[in-house]
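Here this note's numbering is used: the first residue of the sequence shown is 67, the next is one more, and so on.
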Amino acid sequence: MNIEDFRNYCIQLPGTTEETPFGPDVLVLKVMGKMYALCSISNFESINLKCDPERAVLLREQHDQIIPGYHMNKTHWNTVMVDGLSDTFIIELINHSYTLVKDSLPKKLKDLL
């Protein structure tokens with residue numbers, strides 16, 4: 067997966083916006099204002115994605131390319147190295163992150179989706 071494919075996939079998810087609040091090189095994807103993914107724009111080697119804590123541990127045990135979230139809460143975030151993982155699997159992880167954040171939104175925001 068490359069940065070364009072990643073961005074194009076995420077931006078089509080309902081309620082998704084993109085921002086660069088951490089500087090011009092860090093792309094942040096949010097659903098209704100809550101972050102679910104971030105990555106470097108110039109050096110697209112990994113994506114930070116939110117993850118259910120139990121699943122996060124299992125994924126880290128099963129895949130060398132998945133480690134605790136870099137500069138993130140290590141319980142709830144994984145860093146996913148894109149090299150060596152299929153696009154299908156990465157999309158599954160993006161969907162999981164998006165769904166976790168979407169499901170945690172207040173009812174008022176969920177209704178807007």
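Ideal Cβ positions, reconstructed from N, Cα and C, are used throughout, including at glycine. The model shown is predicted, which means the values in this text are computed figures rather than measured ones.
Closest by C-alpha distance to Lys116, out of Glu70, Pro90, Tyr136, is Tyr136. In this chain, the beta strand (DSSP E) harbouring Asn114 covers 112 to 116. The distance from the Cβ of Thr145 to that of Ser112 is about 5 Å, consistent with a contact at the 8 Å cut-off. Taken through DSSP and simplified to helix, strand or coil, Ser170 comes out as coil.
By the neighbour-count criterion, in which a residue is buried when 16 or more other Cβ atoms sit within 10 angstroms of its Cβ, Ile77 is exposed. It is roughly 10 Å from the alpha-carbon of Asn161 to the alpha-carbon of Tyr75. From the listed residues Leu171, Arg73, Leu166, Lys176, the smallest Cα separation to Ala122 is found for Leu166.
Of the residues assessed, Ser108 falls on the exposed side of the cut-off, its CB having fewer than 16 other CB atoms within 10 angstroms.
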